[in-house]
Amino acid sequence: MERQDGFLERAAERLDLPAEAVGAPRIELVGRHQLRVENHRGILAYGGEEVLIAAGRLVVHVVGEGLELRTMTAGELYISGTIFSVGLE
Amino acid sequence: MSARKKADLLRGSVTARVTGKDTEGFLNRCAEKGVPFWDVERPEGHALCLRGRWRDRRRFRELAAESGCEWEELRQSGLPPFLLRFRRRYGLLAGLFLCLLAVSFLSKFILVVEVEGNERVPTAVILTELRRQGLKPGAYGPSFEEREVANRALLELPDVAWMAVNLHGIRAQVVVRERVREPAEEDAAPGGDIVARAPGIVTHIENWSGDKAVAQGATVLPGDVLIRGSLELPLAPYSQKPVRTVPVRAKGLVEGRTWRTLSASVPLTGAVKTATGDEKTLWSLAFLGQRVNFFQKGRIPFDRYDKIAKTWNLTLPGGKVLPIALRRETLRSYELTDADLDRDAAQAMLEETLLLRLEALLGENGVEVSHHFSALEEDGVLTVTLTAECEEELGRSIPAP
Chain A
1 MERQDGFLER AAERLDLPAE AVGAPRIELV GRHQLRVENH RGILAYGGEE
51 VLIAAGRLVV HVVGEGLELR TMTAGELYIS GTIFSVGLE
Chain B
1001 MSARKKADLL RGSVTARVTG KDTEGFLNRC AEKGVPFWDV ERPEGHALCL
1051 RGRWRDRRRF RELAAESGCE WEELRQSGLP PFLLRFRRRY GLLAGLFLCL
1101 LAVSFLSKFI LVVEVEGNER VPTAVILTEL RRQGLKPGAY GPSFEEREVA
1151 NRALLELPDV AWMAVNLHGI RAQVVVRERV REPAEEDAAP GGDIVARAPG
1201 IVTHIENWSG DKAVAQGATV LPGDVLIRGS LELPLAPYSQ KPVRTVPVRA
1251 KGLVEGRTWR TLSASVPLTG AVKTATGDEK TLWSLAFLGQ RVNFFQKGRI
1301 PFDRYDKIAK TWNLTLPGGK VLPIALRRET LRSYELTDAD LDRDAAQAML
1351 EETLLLRLEA LLGENGVEVS HHFSALEEDG VLTVTLTAEC EEELGRSIPA
1401 P
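As you go down the protein sequences, you meet chains A and B in turn.
Using my numbering, read the first sequence as starting at 1 and increasing by one per residue.
Using my numbering, read the second sequence as starting at 1001 and increasing by one per residue.
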């Protein structure tokens, strides 16, 4: 699966297509209080100070204070709170 | 109020606590199955609090069980759970149904009829005619032909020149314009005299048409001619023809001094009411002109009684009276007993009555100069006589025979 993701992302890059169109995660940080993740694969851990989000080959590591999962669907989630850092693992 | 809150209010929401080792798995399952949730908080280690749609409660519970978590509902809010509370309250449901019925059905009926624009023609006369034409409280509004009713009522109301009926829900507004009266025609009789209407002494006489029949200072009796309804035509000097007269309508002003004598009597013994202390209260309800009695007719146990009625009308804010009224009639029993009247009070009452009669007799132009009373008690009857000296218009017109 990870290999397939990597292949699709590279193929999209070669074909000059947006990566999210082939299922790559899209992470959008607005200021330090809103984080939107599209094409996620689910939540791995959830807490008020730390959230781990599965995003294909990546794990998005959100650290902050008063983090709150405002809404979540199969393809998109939205986190609010004071975000200190967003890391990829 | 935000759009989210409005939506929550309308579709209902549930707040729940999910406890378990794999709460994140529960969230992922919900997202995967398309069960929306929001406002996820983690108050403690293995518990999550979230909100979702009220109608998804069963699916949440199933997904929690699949994830090995426990679903505990904390609160339900919004319209659907609120309405669900009334599921077994049949009285409230019936009340709600009746309210809706009243709003949708009773609002089709005319409950208030208002008349505007009339000054001379009494409102009661117009309302009575409209009632005859079918426009009355309780009439069914949608089947009403306003113009036809107004036209039919106009034919029966000669003093009304124009009428319009406007229906505003339960209120019928009737706008009328009254007919302008034609000026009064002068009495067209070709001739007529002015005669005395009371005995008296003529103090002033003016003849505007016709010849004077009496002079100032003359004493006249009722019916004496004061101004004659004929006019002598002047003859040429040395004419041998007989004097010719032409009939005219006598006009003029004749004032005189009169002496009026009026009397009135009252028995000094009369029957007065004495309350026995027994009372009976009768209730009735008037609805759309129909009266519903809450008592049986013929069950009044008193021979003689006073009836005191009090009515409470249902009134809308703004003062509109609806044709729904509660009426209470109190029947107070009494007996008649003979009692002597106070002579002084009876005399005072008669004197006041006589002065009022004299005032009506003299009219607007008459003046009372002096008066005195005399009282006579005979056979249990008190008679009071008023003798008044007055100044008044002495003449009255009579047509020629």
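Here a beta-carbon is modelled for each residue, glycine too, at the ideal position from N, C-alpha and C.
Practice task
Could you tell me which uninterrupted alpha helix (DSSP H) segments, each at least 4 residues in length, are contained entirely in the region 21-61 of chain A, listed from first to last along the chain?
Solution key: none
Problem - B:CYS1390, DSSP secondary structure in three states - result: strand
Exercise for the section: Using 10 angstroms around the beta-carbon of A:LEU67, count the other beta-carbons present and answer buried if the total reaches 16, otherwise exposed. Expected result: Classification for A:LEU67: buried.
Handout entry: Residue-chain proximity (B:PHE1060, chain A), Cβ-Cβ < 8 Å
Key = No, B:PHE1060 does not count as interfacial toward chain A.
Problem - Any C-beta of chain A under 8 Å from that of B:VAL995 - result: With chain B covering 1001 to 1401 only, the question about residue 995 of chain B has no answer from this structure.
Problem - Simplified DSSP state of B:PRO1080, which is helix, strand or coil - result: helix
Handout entry: Where A:ALA45 meets chain B, residues with beta-carbon distance less than 9 Å
Key = GLU1024
Problem - Proximity winner among B:PRO1401, B:ALA1164, B:ARG1249 and B:VAL1367, relative to B:VAL1175 (alpha-carbon distances) - result: B:ALA1164
Problem - Reduced DSSP secondary structure (H/G/I, E/B, other) of B:LYS1273 - result: strand
Exercise for the section: Please say whether B:ARG1327 and B:TYR1305 have beta carbons closer to each other than 8 Å? Expected result: no
Exercise for the section: Could you tell me whether any Cβ in chain B is nearer than 8 Å to the Cβ of A:GLU38? Expected result: no
Practice task
Can you tell me which of A:THR82, A:LEU77 and A:THR71 puts its alpha carbon nearest to the alpha carbon of A:ALA54?
Solution key: A:LEU77
Problem - Contact set between the region 40-74 of chain A and chain B, restricted to residues whose Cβ is under 8 Å from the partner - result: GLY42, ILE43, LEU44, ALA45, TYR46, GLY47, GLY48, GLU68, LEU69, ARG70, THR71, MET72, THR73 and ALA74
Practice task
Compute the minimum distance between the beta carbon of B:ALA1064 and the heavy atoms of the ligand ATP, and state whether it is under 7 Å.
Solution key: Of ligands this structure carries none, so the ligand ATP is not represented either.
Handout entry: Classification of B:VAL1369 by the beta-carbon crowding that lies within 10 angstroms, buried from 16 upward
Key = exposed
Problem - Same chain, Cβ closer than 7 Å to A:HIS40, five either side skipped, listed in chain order - result: PRO25, ILE53, ALA54, ALA55 and LEU77
Practice task
Would you mind stating whether B:LEU1196 and B:GLY1395 have Cβ atoms separated by less than 8 Å?
Solution key: What sits at residue 1196 of chain B in the sequence shown is Ala, not Leu. Yes, the Cβ-Cβ distance between B:ALA1196 and B:GLY1395 is below 8 Å.
Practice task
Kindly say whether B:ASP1056, judged by its beta-carbon, lies nearer than 8 Å to any beta-carbon of chain A.
Solution key: Taking Cβ atoms only, chain A never reaches closer than 8 Å to B:ASP1056, which makes this a no.
Exercise for the section: Check whether the Cβ of B:ALA1003 lies closer than 8 Å to any Cβ atom in chain A. Expected result: Not flagged as an interface residue toward chain A: B:ALA1003, since no C-beta distance is shorter than 8 Å.
Problem - Rounded Cβ spacing between B:ARG1343 and B:LEU1268 (contact assumed at less than 8 Å) - result: Rounded to the nearest angstrom, the Cβ distance from B:ARG1343 to B:LEU1268 is 6 Å, consistent with a contact under 8 Å.
Exercise for the section: Over the uninterrupted alpha helix (DSSP H) stretch that includes B:ASP1008, give me the two end residues. Expected result: 1003-1011
Practice task
Can you have a look at B:PHE1105 and say buried or exposed, based on whether 16 or more other CB atoms are within 10 angstroms of its CB?
Solution key: exposed
Practice task
Rounded to whole angstroms, what's the CA-CA distance from B:VAL1160 to B:ALA1150? Just pull it up for me.
Solution key: 11 Å
Problem - B:HIS1046 and B:GLY1020 closer than 8 Å at C-beta - result: Contact annotation: B:HIS1046 and B:GLY1020 have beta-carbon atoms nearer than 8 Å.
Problem - Under the three-state DSSP convention, the category B:GLY1169 falls into - result: coil
Practice task
Express the C-alpha separation of B:LYS1006 and B:PHE1037 in angstroms, rounding to a whole number.
Solution key: 16 Å
Exercise for the section: Just tell me which of B:LEU1235, B:GLY1319, B:THR1337 and B:THR1261 has its CA closest to the CA of B:SER1403. Expected result: Lying before the first or after the last residue shown, residue 1403 of chain B is absent from chain B, which here runs from 1001 to 1401.
Problem - Close beta carbons around B:MET1349, own chain, < 6 Å, minus the five adjacent residues each side - result: none
Exercise for the section: Please look up how many angstroms separate the CB atoms of B:LEU1063 and B:ARG1087, rounded, as I've assumed it's under 8 Å. Expected result: Their Cβ separation, rounded to whole angstroms, is 26 Å, which puts B:LEU1063 and B:ARG1087 out of contact at 8 Å.
Handout entry: 8 Å CB neighbourhood of A:GLU2 in its chain, flanking five on each side removed
Key = For A:GLU2, the predicted model reports a pLDDT of 46, less than 50, meaning its position is unreliable and no value from the coordinates is stated.
Problem - Residues sharing a beta bridge with B:PHE1109, DSSP - result: B:TYR1140
Practice task
Within 10 angstroms of the Cβ of B:THR1023, are there 16 or more other Cβ atoms? Answer buried if so, exposed if not.
Solution key: buried
Handout entry: Local conformation of A:GLY87 per DSSP, three classes
Key = strand
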